[in-house]
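> In this note's numbering, the protein residues as written are 118 to 535.
Think of the CB as a built atom: it goes at the ideal place given N, C-alpha and C, for glycine as much as any other residue.
As the structure is a computational prediction, the values presented were derived from the model and not from experiment.
Mind looking over this structure? Questions follow.
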Amino acid sequence: MLRKYLENIQLLYARGLLKAVIPWVKKGRNLAVKYELWTYGVHFINWERKLHQVMDKASLRSINEILADGRNFSLNIQEEFEMESMIEELEDLKAIARDFKQVEHRQVLDRIANHPSIKQKKAPKGFISRLCYLKIWSWIAFVKQQDAISAQKYYSSILELWKKHPHQVIMRPTQYAADLLNYVRFTIRTGKVGNVLHLLDSLDNIQFHYKYDRINTIRERYAVELMLAMNYPYTKGRIELMETIQKWLKKHSEMIDARWLVSFNYNFTLIYFTEGEYRKAGLVLKELRNQNALINRPDLHDFAQIMQIILQFEQKEYELVEYLLRAAHRYYQRQETMSQFERMFLEYLKKYTRHSHSDATTKLLKALHKQLCESSDPSTGPFPPGTYEVAFWLESKIKKISLPELMRKKMEGRPTVG
Numbered sequence: 118m119l120r121k122y123l124e125n126i127q128l129l130y131a132r133g134l135l136k137a138v139i140p141w142v143k144k145g146r147n148l149a150v151k152y153e154l155w156t157y158g159v160h161f162i163n164w165e166r167k168l169h170q171v172m173d174k175a176s177l178r179s180i181n182e183i184l185a186d187g188r189n190f191s192l193n194i195q196e197e198f199e200m201e202s203m204i205e206e207l208e209d210l211k212a213i214a215r216d217f218k219q220v221e222h223r224q225v226l227d228r229i230a231n232h233p234s235i236k237q238k239k240a241p242k243g244f245i246s247r248l249c250y251l252k253i254w255s256w257i258a259f260v261k262q263q264d265a266i267s268a269q270k271y272y273s274s275i276l277e278l279w280k281k282h283p284h285q286v287i288m289r290p291t292q293y294a295a296d297l298l299n300y301v302r303f304t305i306r307t308g309k310v311g312n313v314l315h316l317l318d319s320l321d322n323i324q325f326h327y328k329y330d331r332i333n334t335i336r337e338r339y340a341v342e343l344m345l346a347m348n349y350p351y352t353k354g355r356i357e358l359m360e361t362i363q364k365w366l367k368k369h370s371e372m373i374d375a376r377w378l379v380s381f382n383y384n385f386t387l388i389y390f391t392e393g394e395y396r397k398a399g400l401v402l403k404e405l406r407n408q409n410a411l412i413n414r415p416d417l418h419d420f421a422q423i424m425q426i427i428l429q430f431e432q433k434e435y436e437l438v439e440y441l442l443r444a445a446h447r448y449y450q451r452q453e454t455m456s457q458f459e460r461m462f463l464e465y466l467k468k469y470t471r472h473s474h475s476d477a478t479t480k481l482l483k484a485l486h487k488q489l490c491e492s493s494d495p496s497t498g499p500f501p502p503g504t505y506e507v508a509f510w511l512e513s514k515i516k517k518i519s520l521p522e523l524m525r526k527k528m529e530g531r532p533t534v535g
């Protein structure tokens, strides 16, 4: 209708209609409609100026203000329209290609990043948040493709965008924390673990809206850090890390799922065991066995049976070891199935504990170690929990060195964490 009034130079009607639609236009979300209406608005004001050669100063001032406002708004809408089209182009690229062409993808992102509105911090709110979302999507795509250089680049650009436009980026703290933890896991898989602790420490600076989100993120962070401590030389000290985590878990146990408590206690047992802290490992193992959630993990129940025997043997509780072996034998007799690993290990362990001081033990241990390594072949399926640690324990007995010393030798050549 506005177009019709303008074409017929019915300016009186056009003026009234334009005044009515201006508030709606400013609040509208359809960029194409906003752009068209403001174009007609500027066109109308120009016509009015041409037809009214003589007008009072107040009217002229009002017309000039509307004209300037219309032009400025029109320019802003043009920029917004350009950015919107680039976002749509990027989303189309995302929709079309699961295996997208990285060159095209980067070109579009670079064009958006170099847009003057981004640099001048004038970009509309929704645009920045969508751009941040797409950059996160791009970063995840590079992570999945194991393109570490591109992943690092886009992760840095996400943080930079967030710092430049803190009030425009609608990015939930939980989303940022989850993405950061995923990036850390990816970095660990690449073997570049030197800077990982710095990234994990940055989680402490996130302001969460809810206490549960913070607890959940810290729990994830400790799980990742514990995994690092188990597989790489750790400058902070593995025992100190575990004591910190144990205190934190005790304080927040009511807010942590029982399955996670089982997982933590399992890892604590293994670390104390490989550090030669057999008494502490036994205390954590006892806590693990008393958890109700262990009912759903028969594999961890079997692990606990075997680990308890080994720990008591290391503490020279030989009578208790004999009792535990008989109890384990009775337990497995009542089970419908018994895995090859448990059967083989208990049989050899019984022989070993009875002849631990004879010359035949080395031969016995070598045979057990060989069978254990063969049974833990990843190609045959998942192997029982604690298999590697038990294998290292057997190896330490064969080489007649302490388990912590053997573990230090195993860690040599690996990058240091921290």
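Do you know offhand how far Ala-346's Cα is from Phe-430's?
When rounded, the distance between both Cα atoms is 26 Å.
> Which whole-angstrom value is the C-beta distance of Pro-383 and Leu-405, which I expect to be below 8 Å?
Contrary to the premise, residue 383 reads as Tyr rather than Pro in this sequence. That pair is a contact at about 6 Å.
> Span of the alpha helix (DSSP H) holding Ser-519?
Neither: Ser-519 is in no alpha helix (DSSP H) and is coded neither H nor E.
> Is it the case that the Cβ atoms of Phe-381 and Leu-428 are separated by a distance below 9 Å?
For Phe-381 and Leu-428, no; Cβs fall outside 9 Å.
> What separation, rounded to the nearest whole angstrom, lies between the Cα atoms of His-523 and Tyr-395?
Reading off the sequence, residue 523 comes out as Leu, not His. Roughly 16 Å separates the two Cα atoms.
> Output the boundary residues of the alpha helix (DSSP H) element that contains Asp-318.
Start and end: 313 to 318.
> Give me the Cβ distance between Met-574 and Ile-332, rounded to the nearest whole Å; I'm assuming they're in contact under 8 Å.
The chain is shown only over 118 to 535; residue 574 falls outside these bounds and no answer can be derived.
> Does DSSP put Phe-462 in a helix, in a strand, or in coil?
The answer is helix: DSSP assigns Phe-462 an H, G or I state.
> Look at the alpha carbon of Leu-417 and the alpha carbon of Gln-408, and state the distance between them as a whole number of angstroms.
Their backbone Cα atoms lie some 11 Å apart in a straight line.
> Is Lys-526 helix, strand or coil when you go by DSSP?
Helix.
> Can you tell me which of Arg-531, Leu-317 and Ile-426 puts its alpha carbon nearest to the alpha carbon of Glu-439?
When only C-alpha atoms are compared, the closest one is Ile-426.
> Measuring CB atoms only, is the region 322 to 337 touching the region 510 to 517, in the sense that at least three cross pairs come out at less than 8 Å?
No: the two stretches stay apart, fewer than three of their Cβ pairs being nearer than 8 Å.
> With burial defined as no fewer than 16 other Cβ atoms inside 10 Å of the residue's Cβ, what is the status of Phe-349: buried or exposed?
According to the sequence shown, residue 349 is Tyr rather than Phe. Under this definition Tyr-349 is a buried residue.
> Do you know whose CA, among Ile-356, Leu-298, Tyr-300 and Pro-290, lies nearest Lys-328's CA?
Residue Pro-290 is the option with its Cα nearest to Lys-328.
> Does Glu-374 come out as helix, strand or coil in the three-state DSSP assignment?
In the sequence on display, residue 374 carries Asp and not Glu. Note: Asp-374 maps to coil in three-state DSSP.
> With a CB to CB cut of under 8 Å and the five nearest residues on each side skipped, what residues in its chain are close to Val-401?
Within the same chain, Val-401 has close Cβ partners Asn-382, Phe-385, Thr-386 and Tyr-389.
> When the Cα atoms are used, what is the spatial distance from Asp-330 to Asn-322?
For Asp-330 and Asn-322, the distance between alpha carbons rounds to 14 Å.
> Do Ala-410 and Ala-444 have their beta-carbon atoms positioned less than 9 Å apart in this structure?
No, they are not a contact pair.
> Where do the ends of the alpha helix (DSSP H) carrying Leu-417 lie?
Taken as a continuous stretch (DSSP letters only), the alpha helix (DSSP H) holding Leu-417 covers 415 to 431.
> What are the start and end residues of the alpha helix (DSSP H) that includes Thr-533?
First-last for Thr-533: undefined, no H or E at that position.
> When burial is assigned at 16 or more other CB atoms within 10 Å of the CB, is Gln-368 buried or exposed?
The question names Gln, but residue 368 is Lys in the sequence shown. Label assigned to Lys-368: exposed.
> How would you call Tyr-435, buried or exposed, if buried means at least 16 neighbouring beta carbons within 10 angstroms?
It is exposed - the Cβ of Tyr-435 has fewer than 16 other Cβ atoms within 10 Å.
> Tell me the rounded alpha-carbon separation between His-446 and Lys-467.
His-446 and Lys-467: Cα-Cα distance of roughly 10 Å.
> Can you give me the C-alpha to C-alpha distance between Lys-433 and His-326, rounded to a whole angstrom?
C-alpha separation (whole angstroms): 52 Å.
> Who are the Cβ neighbours of Arg-414 in its own chain at under 7 Å, not counting the five residues just before and after it?
Correct list, in chain order: Val-379.
> Taking 9 Å as the cut-off, decide whether the C-beta atoms of Pro-320 and Leu-297 are in contact.
Residue identity check: residue 320 is Leu in the sequence provided, not Pro. Contact: yes.
> Would you grab the beta carbon distance between Thr-391 and Pro-521 for me? Rounded to a whole angstrom, and I think it's under 8 Å.
Indeed they touch by this definition, with Cβ atoms about 7 Å apart.
> Please report how far the alpha carbon of Ala-294 lies from the alpha carbon of Tyr-448, in whole angstroms.
Going by the C-alpha atoms only, they are around 44 Å apart.
> Measuring only the C-alpha atoms, how far is Val-301 from Leu-442?
Rounded to the nearest angstrom, the two C-alpha atoms are 42 Å apart.
> Please find out if some non-hydrogen atom of the ligand MG comes closer than 8 Å to the beta-carbon of Gln-363.
As presented, the structure is devoid of all ligands, the ligand MG included, so that no description of it is given.
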